[in-house]
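Here UniProt numbering is used: the first residue of the sequence shown is 1, the next is one more, and so on.
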Amino acid sequence: MTTSFALGDVVAAPGELVHGWFELATLPTGHRERLPIVLVRGREPGPTVWVTANIHGDEVTGLSVIHALLEADLADRLRGTLVAIPSLNPAGLHARQRVSYLDRRDPNRLFPDFPPEPGQGSDHPAVLEAGYARLFAEMRRADYLVDLHCYGLRACCFIIRDRVLYRRPEDLPAARELADRLDALCNWTGLPVVNEIPSDRYLQARLHRSVSGTALLQARIPAITVELGLTGAVDPAARQAGIIACRNVLRGAGMLPGELEPMVGIPIPRVEFPVMRDLVPRARDRHRPLPRRARRPRVRRRPPRHPQRHPRAPAAGRRRRAGRRRRLGPRPPARRPLLRGRGGGPHGRPRHRPAGRARPELRPRERPLTRLPDRACPSDHARTDMPVRTCPEGQSSNSGTGTSVVSFRRVCSSSMSAGFTP
Ligand SMILES: [Zn+2]
């Protein structure tokens, strides 16, 4: 490999591990919001993997994982390029809060939305949205992405696997190929896999604008969200699990030598069926049947009127429309769209849709998104005989991590854990 890799204000030559900054936003007050970046460029060619953390400012275990991953001799052993961003939300980290003080919305929903239809989405983006859009443009160069999070107190470590969505039937083979690569990425980590919520709720919750959702659905890069235990402090067992998972990704991608490491030190739930994320853990009610696969609602179509049996005078419709016009006044003239659409009607308007009336869909797109079916949890090489370990409440550990994580004494009011539902 002879070329260098540039990101932000830094360039990594082959065999180098360099530190730099990515400018996220500059405010009129003079405040500059910058992301710390670390580039590791191997001497041999290979894939590019991004490992990011701390998009939620109070989820700090990922920072510690990245610091442990960046060993001094990593550039000598690595093939390809590792891009590590220990904090995607430095403002939230400073304030020890989930959100940034620059934008009170969830930062993991501020990555770019799907491209708007012509003539729509003209609002100016927030500064963080604009900054994350520039970062996402760089992220498109990646081959794999791992975004490190924390789920909550007493939660086990697991992967949230975004659903692979596609629009047109001819996109199905590419979607299947992407899903296979995504499953391989999940399998390399050794962590249990939890599928994301159903796609309609996923889009309503704007999860397609998360770090992994944007990378997967728009850049079509295999991308996962890794949840590493409690928030607000570093759980040593979850930290070790995160280090093993990230090293295994580098090994699976052929960037580090050696076999995949077994996942040790954390509980691995024994589930042999696909599981889905839920707000709360659910208990099985023996008197209820197991939930069946969600079916599409059946659309009832009115049978066509037979012209002989249901005659309707053409003048009746005209009289009805004239009466409506008298009540409501004349209809305002339809605005001409900015660009020519695909409809083929006058001014690019579809022929079947009345002028000026919006599409009644969640997102005005050409085709609805379709999802691939769920898959079983790929954790074959994960050890399942480890005892269950939990971190004591409020305990912080940063021994040997090189990071300064402030210990906190807040005890969560509720014990959260990953919900496993068949
Ligand atoms: Zn998070």
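Every residue, glycine too, gets a C-beta built ideally from N, C-alpha and C.
Excluding its 5 nearest sequence neighbours in each direction, Pro257 has no C-beta neighbour in its own chain below 6 Å.
Rounded to the nearest whole angstrom, the C-alpha separation of Ile266 and Thr225 is 18 Å. Straight-line spacing of the CA atoms in Leu230 and Ala175 works out to 33 Å. Rounded to the nearest angstrom, the gap between the Cα atoms of Gly15 and Arg43 is 5 Å. Within the chosen limit of 8 Å, ligand 1 does not reach the beta carbon of Glu170 with any heavy atom. Arg251 has its alpha-carbon roughly 26 Å from the corresponding atom of Ala137. The way I'd put it, the segment 178-195 doesn't touch the segment 123-142; fewer than three beta-carbon pairs between them come closer than 8 Å. DSSP places His94 inside the alpha helix (DSSP H), whose first and last residues are Pro90 to Ala95. Residue pairing for Phe158: DSSP places it in a beta bridge opposite Glu227. Here the C-alpha atom of Ala133 lies approximately 12 Å from the C-alpha atom of Pro115. Distances between the C-beta of Cys186 and the heavy atoms of ligand 1 are all 8 Å or more. For the 9 Å CB-CB criterion, Leu17 and Leu35 do not form a contact. DSSP places Arg167 outside both helix and strand once states are collapsed to three, so it counts as coil. In terms of Cβ geometry, Pro107 and Ile55 form a close pair [threshold 9 Å].
Restricted to the segment 169-229, the beta strand (DSSP E) segments that are unbroken, complete and at least 3 residues in length are 193-195 and 223-227, listed in chain order. DSSP places Pro45 in the uninterrupted beta strand (DSSP E) bounded by Glu44 to Ala53. Here Thr370 really is in contact with Leu165; their C-beta atoms are around 7 Å apart, less than 8 Å. In this structure, the alpha-carbon of Gly46 lies about 52 Å from that of Arg286. Judged by DSSP secondary structure, Glu16 falls within the beta strand (DSSP E) whose first and last residues are Glu16 to Thr26. Here the alpha carbons of Arg109 and Asp162 stand approximately 14 Å from one another. Using a Cβ-Cβ distance cut-off of 8 Å, the segment 175-188 and the segment 94-101 are not in contact, since fewer than three pairs of beta carbons, one from each stretch, lie closer than that value.
With respect to Leu88, Leu135 sits close: the two C-beta atoms are nearer than 9 Å.
In the structure shown, Glu129 falls within a helical segment according to DSSP collapsed to helix, strand and coil. DSSP, reduced to helix, strand and coil, places Ala75 within a helical segment of the structure shown. The alpha carbon of Val11 has as its nearest neighbour, out of His94, Ser212, Asp58 and Thr81, the alpha carbon of Thr81.
In this structure, the CA atom of Arg79 is about 10 Å from the CA atom of Val40. Nearest to Ala223 by alpha-carbon distance, out of Gly242, Phe22 and Asp147, is Asp147. Taking His67 as reference, the option from Phe111, Pro86 and Leu74 with the minimal CA-CA separation is Pro86.
Out of His149, Leu153 and Arg168, the CA that lies nearest to the CA of Ile159 is found in His149.
Pro236 sits in a helix when the DSSP states are folded into three classes. Within the DSSP bridge table, the entry for Asp103 names Ser100 as partners. Pairing Phe5 with Ser212, the inter-Cα distance amounts to about 22 Å.
Here Arg77 has Gly42, Leu256 and Pro257 as same chain residues with Cβ atoms under 8 Å from its own Cβ, once five neighbours each way along the sequence are excluded. A direct Cα-to-Cα measurement between Leu102 and Gly20 gives close to 22 Å. In the structure shown, Val65 adopts helical secondary structure according to DSSP, grouped into three states.
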